[in-house]
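Read the structure below first, then the notes.
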Amino acid sequence: MNVGAGHITLQQVDKRFSAGLLALRDVSLRVEEGEFVALLGPSGCGKSTILRLVAGLDAPSRGTMDAPALRSGGRSTAFVFQEPTLMPWASVFDNVWLPLRLAGVSRGQADEPVRTMLRNVGLGEFADAYPAELSGGMKMRTSIARSLVTQPRVLLMDEPFAALDEITRSRLNADLLAWCATRRLSVLFVTHSVFESVFLSQRVLVMSPRPGCIVAEVVVDQPYPRDPAFRTSAAYLAACREVSNALEAAQAGAVP
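At position 209 of the sequence shown the residue is numbered 458 (my numbering), and the sequence of numbers has no breaks.
Put into structure tokens, the structure is as follows:
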């Protein structure tokens, strides 16, 4: 089998922290090149821990893994957190330039890719603005631009839209799919929202309470691009119902 640059595999992975807490147990999953996969489960079930493992920020206690970050020292993987984590003293341009700057790219060399990325995320006119001048959605767009400017193959997203209002969240959902499609990114997306997981992903992986394991997979076999009309379609509602049932079963300790 040919392994693509964005391919991710976890096989029978456990994660036990030094204090003895078993966060993950027997987790197996795959993300194919260019695939969008959502992780859904109750708080504390280990979703963020999986992202940290895939990013190479932590190591499993048991099992085997293959991910671009482990093959390339993290250079092909980008991480977007729930909070934008922008530098308040730096302009939007300088915030997006940061990962390139850390890689040794001068401000002059970064000018074109940074400004291009800002235009792509709808912030072309805000390069000189500061985070305090931005709305919540604009801050998250800046954070995503900072992640995409390095041209990653894998995008890891840890509830990036959870703190946003519903209108902004829906708009960013649609924009995210467009950005990912043009770059053929492999995406692992953590969320607590059934509705968001179904709208965005090709597969939803449902996790049990801690120690987290994957207890259900729901395939969302609907084409991209997904526009707002998809949210009112029979297919969308059926998939949401299936994911909700799987999540309720997981929380009750039953495998659907």
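Heads up, the beta-carbon is just placed ideally off N, CA and C, and yes, glycines get one too.
How should residue i be labelled, buried or exposed, when 16 other C-beta atoms within 10 angstroms of its C-beta is the threshold for buried?
i: residue 268; result: exposed
i: residue 416; result: exposed
i: residue 311; result: exposed
i: residue 391; result: buried
i: residue 334; result: exposed
i: residue 250; result: Caution applies to residue 250, whose pLDDT of 36 falls short of 50 and renders its modelled position unreliable; the model cannot decide the point.
i: residue 401; result: buried
Could you give the DSSP three-state label for residue i: helix, strand or coil?
i: residue 275; result: strand
i: residue 486; result: helix
i: residue 522; result: Because residue 522 is not part of the residues shown, which for the chain are 250 to 505, the question remains open.
i: residue 285; result: strand
i: residue 375; result: helix
i: residue 444; result: helix
i: residue 384; result: coil
i: residue 496; result: helix
Express the C-alpha separation of residue j and residue i in angstroms, rounding to a whole number.
i: residue 265; j: residue 309; result: 8 Å
i: residue 300; j: residue 353; result: 26 Å
i: residue 262; j: residue 281; result: 18 Å
i: residue 344; j: residue 481; result: 37 Å
i: residue 355; j: residue 304; result: 26 Å
i: residue 371; j: residue 316; result: 30 Å
i: residue 431; j: residue 271; result: 38 Å
i: residue 307; j: residue 260; result: 16 Å
i: residue 374; j: residue 384; result: 14 Å
i: residue 361; j: residue 337; result: 23 Å
i: residue 436; j: residue 273; result: 20 Å
i: residue 351; j: residue 359; result: 12 Å
i: residue 302; j: residue 487; result: 32 Å
i: residue 329; j: residue 483; result: 31 Å
i: residue 340; j: residue 380; result: 7 Å
i: residue 256; j: residue 346; result: 27 Å
i: residue 313; j: residue 422; result: 32 Å
query = Are the segment 483-496 and the segment 459-469 touching, with three or more C-beta to C-beta distances below 8 Å?
reply = The segment 483-496, when compared against the segment 459-469, does touch it at the 8 Å Cβ threshold.
ask   = Unbroken beta strand (DSSP E) runs of length 3 or more, entirely within the segment 449-482: which are they?
value = Listed in chain order, the complete beta strand (DSSP E) runs (minimum 3 residues) inside the segment 449-482 are 452-456 and 463-468.
key: Complete runs of the alpha helix (DSSP H) confined to the segment 311-369 [at least 4 residues]   = The segment 311-369 contains these whole alpha helix (DSSP H) runs: 317-321, 341-351 and 356-369.
ask   = Are the segment 359-367 and the segment 435-450 touching, with three or more C-beta to C-beta distances below 8 Å?
value = Verdict: no, contact absent.
Runs of beta strand (DSSP E) lying entirely within the segment 390-439, each at least 3 residues, in chain order = The segment 390-439 contains these whole beta strand (DSSP E) runs: 403-407.
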